[in-house]
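Written out below as structure tokens is the structure these notes cover.
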Amino acid sequence: MVMDAPQAVGRFSLMENGSLTVREASVFDRGTYLCKVSTEYGTSVMTVPVIVIAYPPRITSEPAPVIYARPGNSVKLN
261 MVMDAPQAVG
271 RFSLMENGSL
281 TVREASVFDR
291 GTYLCKVSTE
301 YGTSVMTVPV
311 IVIAYPPRIT
321 SEPAPVIYAR
331 PGNSVKLN
């Protein structure tokens with residue numbers, strides 16, 4: 261994909277300041293991204309390797325203890 265002006269294409273947005281934003285990045289967006297600038301003074305190219313790390317959810321605390329209540333009573337959960 262080539263983006264040469266501020267625009268949005270799918271999940272990719274090229275901003276006015278030259279920043280590239282990728283919404284909802286996934287591991288499939290990994291790779292080497294290339295930025296090329298050309299002016300009347302010459303051309304400059306920069307490559308940036310992008311790694312997207314996706315970890316599965318992890319439970320970090322133990323389950324809450326069982327709370328007993330009689331029918332009709334209020335129960336407060338934190």
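Counting with this note's numbering, you get residues 261 to 338 for the letters of the sequence shown. C-beta: ideal position from N, C-alpha, C; glycine also. The structure presented is a predicted model; accordingly, all values stated were derived computationally and were not measured.
Are residue 292 and residue 309 touching if we call contact CB-CB under 8 Å? Your numbering for residue 292 matches position 32 in the sequence shown. Your numbering for residue 309 matches position 49 in the sequence shown. Contact: yes.
Would you kindly work out how many angstroms separate the C-alpha atoms of residue 323 and residue 268, rounded to a whole number? Within the sequence shown, residue 323 is the residue found at index 63, counting from 1. Within the sequence shown, residue 268 is the residue found at index 8, counting from 1. Cα to Cα, the separation comes out at about 43 Å.
Helix, strand or coil, according to DSSP, for residue 335 in the structure here? The residue given as residue 335 occupies position 75 in the sequence shown. In the structure shown, residue 335 sits in coil (DSSP, three-state: anything other than H, G, I, E or B).
Reference residue 281; option with closest CA among 287, 273 and 265: Mapped onto the sequence shown, residue 281 falls at position 21. Closest by alpha carbon: 273.
Opposite residue 270 in the DSSP bridges: which residues? Against the sequence shown, residue 270 aligns to sequence position 10. The partner list for residue 270 (beta bridge, DSSP) is empty, contrary to what the question assumes.
Cut-off 8 Å between Cβ atoms - residues of its own chain near residue 263, not counting five sequence neighbours on either side: Translated into positions along the sequence shown, residue 263 becomes position 3. Taken in chain order, the residues that qualify are 269, 272, 274 and 280.
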